[in-house]
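Chains as they are written, first to last, in the numbering used here: chain X, 1 to 336; chain R, 337 to 628; chain S, 629 to 904; chain C, 905 to 1236. Reviewing the structure listed below.
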Amino acid sequence: MTTALLSVSDLAVTYRTQAGLVAAVDGVNLEVPAGAMLGLVGESGCGKTTLARALMGVLPGNARVSRGRIVLDGTDLQALSAAKRRALLWRDISFVPQSSMNSLDPVYRMRTQMREVLCGRGDLSRGAADTRAADLFQAVGLNPVRLNDFPHQFSGGMRQRAAIALALALHPKLVIADEPVTALDVIVQRQVLDMLRRLGEDMNLTAIFVTHDIAVVAYLCTVTAVMYAGRIVEYGPTADVLARPAHPYTMGLMNAFPDLEGPTQDLAPIEGSPPDLHTPPTGCRFAARCPFVQPVCTTTYPAPTDVAPDHWAACHRVGEAETLRAQATEAATWQS
Amino acid sequence: MVCLTVLILSFGLSRASGNLAISIAGADASAEDIAKINHELGLDRPLPVQFVDWANRAAHGDFGESFLFHEKVSSLIEEHLPVTITLGLIAIAVAVVVAVPFGILAALYEGTYIDVAVGVVALAGQAIPSFWLGLMLILWFGVGLQWLPIAGLDDWTGYILPSIVLAFVAIPVMLRMTRSGMVDAMRSDYVRTARAKGLARISIVAKHALRNAAMPVVAVSAVQLGFILGGSVVTEVVFNIRGVGYLAWESIGKGDFPVIQAVVLLFSIIFVGLTLLSDLVGAALDPRLRGR
Amino acid sequence: MRTRQIPLLVGAVIVGVTALVALAAPLLVPHDPFAQNLAQRYISPAWMAGGSSEHWFGTDGLGRDYLSRLILGARISMLIGVATIILSGTIGTVLGVLGGYFGGKVDAFVMFIVSCRLAIPLILVALTVVFMVGSSLTVVVLTIGLLLWERFAVVSRAVTRQVCGLDYVAAAWAAGCSRLWIITREVLPNIVHHLVVIATVDMAIAILLEASLSFLGLGVPPPLPSWGLMIAEGKDYMYFKPWVIEIPGIALAVLVLGINLLGDGLRDSLGANTDR
Amino acid sequence: MAELIAAANLTKHYPTSRTTRQMLRGERPVVRAVDGIDLVIQRGESVGLVGESGSGKTTVGRLLLKLTEASGGTLNFDGAAVSGLSGDSLRRFRQQAQLVFQNPFDSVNPRFTIRRAVAEPLINTGVPRAERDGRIAEAMRLVHLGDFHRYADKHPSELSGGQLQRVVLARALVGRPSFLVADEPVSMLDVSVRAGILNLMRELRDRLGLTALYISHDLTLVRYVCERTLVMYLGRIVEDGPTSEVISRPAHPYTQALIKAVPRPRTDQSREDLPISGGLANAVSPPSGCRLRDRCPYAFARCAQEVPALLEVAPGHRAACHLTSPANAAAA
């Protein structure tokens, strides 16, 4: 694999809450190769959105990075002063927000929001900014005339295209997209995904794609990272991870995921629920729900272990992955 | 619609008591005297007739003649209104200038001691009865320090204390709205996006958060002006200011119903007008409401 | 204890103590609050020069014990506050819940009444009514109660609409529950915390309104010791004896502040956001 | 099999806010949320209703349960006209037809205990108090919350989304209904939990022989629970057939696009362009004739002039498209 554009090591993000400190992200190691689209998959509450915000440096007021390093293209972001870190934003790392009504400021026309970025952060003249904005709109499949519209005049899919155009404005090295297609209907979602795939190829984009949907990752991403309870449990090329998952949680997700083809036998749900991160378990965080649990799993956290080139999993039984995979396809395995 | 109902109400209000003529002629007036006064004032006609007649004339700005001042009501009001309106406008300006910055401050320091302190001070402001505040200000600044006049509006210094007292009605409400609007805005997706854009904090707060939070505040200040005018009676009495509120108070004390009717109606119409203005301003500021 | 809960506690203590004082007023007063003694007019409070421990808060222009009148005044303020919110709360909640639940024409009618009420200048109309009907405690309570329901109506309408949009109301409807059942079992319990907050807000406003009316001479009639009336009575003498208006004014402000703190604290702890 | 639900030309129009000009002209624009659908559900059948947001699928569910009044058309439940129900007959209907919602956290009254929430349909239908606990326990067993006493006195906020959705199912089943409408019952749930609820619904279908309508935007879910699938587009049913047929041999261009658009959890999937473009048209002024025509690559003159009828393309499989109608197929 090529060199990593972004490398994260042992990153932890802690929230101050009424019930005490919660490490929503706790010891994440992650590499994003240049030119890769990385899919960060996990279920609600696993810390994927917190991780994305920590990478951007836009955590909410009650959260902070308590540990770890984020290195982007050779620069240690955590070592930078706040002003320097801010100067990198949008130029080096940009952001596609969740497709909600309010991800774009409702009171400004798209042209104004484009100019804000292109002139204010990109030092373009107004005229140059308008030309660039029109090009960007064209690139994401929007009519440049719509630059004069307010966000509420767009449909959900168009709003998401506009947000993507905004994110690409300053040729960022890395784009972080947080559930960018989740709120969209399936046909519009596919259209946006296709647009992203084409842009990715044309512009050689490096992107992190946060989602709960394995199928979206399968469709779009070259690399996949699976997150569970604040940690990355499996990482590797998408084709490899989905076809030969090495972590029981990934296997569980794959088996629970309904498909349009194949037999309609019972799906295998993963019993139980994720651990309470106020009091995280020692050892593997999936142990309580894992059908293949062994005594060692509850005492020590498994170190990431390579199963194939650039493909690792954090599981004590990673060596038996093949056997476990076969067992995991049986629904009975998952019944407690 | 609302205006018409208020018209009926204000008419009904003044006619609800039957002893109108008695209150004018005095309690020991003879029956003929009362009948005579009733006839002179047209009070012996059926009520609906009286109402239509009155409403018709009111629509043309003719509220009849004051029982007590023996002057046209419209000219009485014309004489007293400018003072009240001027005070109201100054007061709402004071309220905005005080409430908005402190609301922003509290929101930016949400949950800290600054926020709690601003909140408690606002509540305390809300708790102080305005007539008492007026009296205390007179004692401190008028009598104690002798900086400002204790009554009347002889020059601009006379406006200072009454506007402060009037502004106190609106400050807590506007402060809370600014604060909650800013808190919501600062947590919103578009402010997070603005942060991700690497914009300076001042630009995030002013261009994105405040621009969104200000819309309801600006709109509500028109309505608050209506409340301030409605509450002007107390302040004008305390400071002995000859405005419409004072006129109404005098008239109520003496049962001068044409004046009361006219003032109540006037305040209602002003309020309805301000509510309309508030809607229009809101729509003009918020692109999502335009074209509806 | 968290910082944010301190105001709630302070408010609860102020309101609680005032309520106790109001209830036990006849037992607490050191003197007959109505007994005049023209020989002992305007005696200063005990802590000032010329004061005595006989009359802790001094005496008023008719030589009546100020502390006793203040204590009885608490009773009047609390009575006004509680009685008016019961009346206005009932009117406003009924209107608001009906409008919010049924929507359509019922709602349009409710909103019309509310906007009519808002257009009426509160103090002027209250003054006029009290003037015409004649001032008494009952009249003041009725007048304020009949005028001060709009906040209840607006808020209960808004939250009723919100609750009715939730699926459990549809579920109850699909389960064959009657309208009355849904309103009383599903809607009211889920909006009551909003109403409690509004009740504190309106109680504070009602107390201030009574004080204003009494101050303007058309509220609680003398010789009843309403705090507003005490300020009005002392007004002409305030340049010489400022404490005559300071004492009842502070009492009024502290009570209303207490109610506001309580309401604000409840708003936070009950999660009822009624700022907008 | 006998018909349980039979709807003909069922219609629901909602008034929308008017512009000043429309008001002056006396126009009353409506959203044609459901615009004349015919629908028959047999006893014991599980039918899936699939469509994008704005297709009117949720409104159909509400119409079938009489939660909203139809603007036109007829609807029969068990042979009786639903519009004529009132009083006791309406109460019996309410007991027979139940509803499961999308968001479990919104669909249980937060002030109620689980016991009280599940009991609600019983309280209103005069089930004696003594019988209630037994019935509740039975319903809770059905949804695999067998140790009922562990949950009975908890409040909704103490349960997870998956558990709460089971409670909602139990509440729907406690009155032993004959018809169930489930509106996006799993779309708020995480994948690992979703599978459990889907399995449960399959199990209930087989065990209770329940007649059910599952509303979903996601064909993959419907596939696991329903033998028959309806596809809706802008207030109309465009395709109706056995689920496996609809998925493997979709007849309507819209269904074809819908199926193609679903991403698969595999990397070796088709990434070719979709046959249809653009987004959903406006339900206030939809295109004339076939509503898909402005997005459809195969549209021809007749599509603008004539509303395509829902006609059989294979045994038990119908589609509303001029291309597949027998007349055209014969000509081609």
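In this text, a Cβ means the ideal position worked out from N, Cα and C, and glycines have one as well.
Query	Result
According to DSSP, simplified to helix, strand and coil, what is serine 705 of chain S?	helix
Would cysteine 315 of chain X and proline 302 of chain X be called neighbours here (beta carbons separated by less than 8 Å)?	yes
To which residues of the same chain is leucine 565 of chain R closer than 7 Å at the C-beta, ignoring the five residues directly before and after it?	Thr420, Gly424, Phe603, Ile606
If you draw a straight line from the alpha carbon of lysine 916 of chain C to that of leucine 776 of chain S, how long is it in whole angstroms?	41 Å
From histidine 152 of chain X to serine 1096 of chain C, what does the alpha carbon distance come to, in whole angstroms?	35 Å
Report the residue from C:His1048, C:Gly983, C:Arg1140 whose alpha carbon sits nearest the alpha carbon of glycine 940 of chain C.	C:Arg1140
Per the contact definition of three or more C-beta pairs closer than 8 Å, is the region 211 to 228 of chain X in contact with the region 33 to 47 of chain X?	yes
Which same chain residues end up closer than 8 Å to valine 556 of chain R when comparing Cβ atoms and leaving out the 5 residues on each side of it in sequence?	Val509, Met510, Met513, Ser614
Less than 7 Å between C-beta atoms, sequence neighbours within five positions excluded: which residues of the same chain meet that for isoleucine 714 of chain S?	none
Under 9 Å Cβ-Cβ, which residues of chain R neighbour leucine 752 of chain S?	Gly566, Val569, Gly581, Ala584, Trp585, Ile588, Ile596, Val599, Val600, Phe603
Which same chain residues end up closer than 7 Å to isoleucine 634 of chain S when comparing Cβ atoms and leaving out the 5 residues on each side of it in sequence?	none
Which runs of the alpha helix (DSSP H) spanning at least 4 residues fall entirely within the region 167 to 221 of chain X, listed in chain order?	186 to 203, 214 to 220
Could you spell out where the alpha helix (DSSP H) holding isoleucine 945 of chain C opens and where it closes?	No alpha helix (DSSP H) holds isoleucine 945 of chain C; the beta strand (DSSP E) holding it covers 934 to 946.
Helix, strand or coil for tryptophan 675 of chain S? Go by DSSP, reduced to three states.	coil
Could you name the residues of chain C that alanine 834 of chain S contacts, counting a contact when the two beta carbons are closer than 8 Å?	Simply none; closest approach about 29 Å.
So what's lysine 869 of chain S in DSSP terms, helix, strand or just coil?	coil
Are the Cβ atoms of alanine 532 of chain R and phenylalanine 95 of chain X separated by less than 8 Å?	yes
Looking at the secondary structure, which residues open and close the beta strand (DSSP E) in which phenylalanine 1084 of chain C lies?	The displayed chain sequence assigns leucine, not phenylalanine, to residue 1084 of chain C. Run containing leucine 1084 of chain C: 1083 to 1087, per the beta strand (DSSP E) assignment.
Please report how far the alpha carbon of glycine 678 of chain S lies from the alpha carbon of alanine 667 of chain S, in whole angstroms.	14 Å
Report the residue ranges of all alpha helix (DSSP H) runs contained in full by the region 543 to 584 of chain R; include only those spanning at least 4 residues, in chain order.	547 to 566, 568 to 574
Looking at chain X, is there any beta carbon in it that lies within less than 8 Å of the beta carbon of glutamate 956 of chain C?	yes
Quick check on the DSSP output: the alpha helix (DSSP H) that includes isoleucine 270 of chain X runs from which residue to which?	Element bounds for isoleucine 270 of chain X: n/a, residue is neither H nor E.
Can you pull the chain S neighbours of aspartate 1010 of chain C, defined as C-beta to C-beta under 8 Å?	Leu794, Asp795, Tyr796
By DSSP's criteria, glutamine 1002 of chain C is part of a beta bridge. Which residues make up the other side?	C:Leu1084
Just how far apart, CA to CA, sit valine 293 of chain X and proline 274 of chain X?	15 Å
So is isoleucine 538 of chain R buried or exposed if we call it buried at 16+ other beta carbons inside 10 Å?	exposed
Assuming threonine 978 of chain C and valine 938 of chain C form a contact by the criterion Cβ under 8 Å, report the distance between their Cβ atoms to the nearest whole angstrom.	At roughly 13 Å, the Cβ-Cβ gap does not stay under 8 Å, so threonine 978 of chain C and valine 938 of chain C are not in contact.
Is the shortest distance between the beta-carbon of glycine 732 of chain S and the beta-carbons of chain C less than 8 Å?	no
Got a sec, what are the start and stop residues for the alpha helix (DSSP H) glycine 424 of chain R sits in?	409 to 444
Consult DSSP for alanine 652 of chain S and reduce its assignment to one of helix, strand or coil.	coil
Using the rule of at least 16 other Cβ atoms within 10 Å of the residue's Cβ for burial, across every protein chain shown, is glycine 1182 of chain C buried or exposed?	exposed
What separation, rounded to the nearest whole angstrom, lies between the Cα atoms of glycine 793 of chain S and glutamine 1006 of chain C?	13 Å
Here's the rule: buried if 16 or more other CB atoms are within 10 angstroms of the residue's CB, otherwise exposed. What is glycine 156 of chain X?	buried
Which residues, in chain order, does the region 524 to 536 of chain R contribute to contact with chain X at a C-beta distance below 9 Å?	Ser524, Asp525, Tyr526, Val527, Arg528, Thr529, Ala530, Arg531, Ala532, Lys533, Gly534, Leu535, Ala536
Answer with yes or no whether the minimum CB distance from valine 58 of chain X to chain R is below 8 Å.	yes
Using DSSP's beta-bridge definition, name the partner residues of leucine 9 of chain X.	According to the sequence provided, residue 9 of chain X is serine. The question's leucine does not apply to it. Answer by DSSP bridge pairing, in chain order: X:Arg69.
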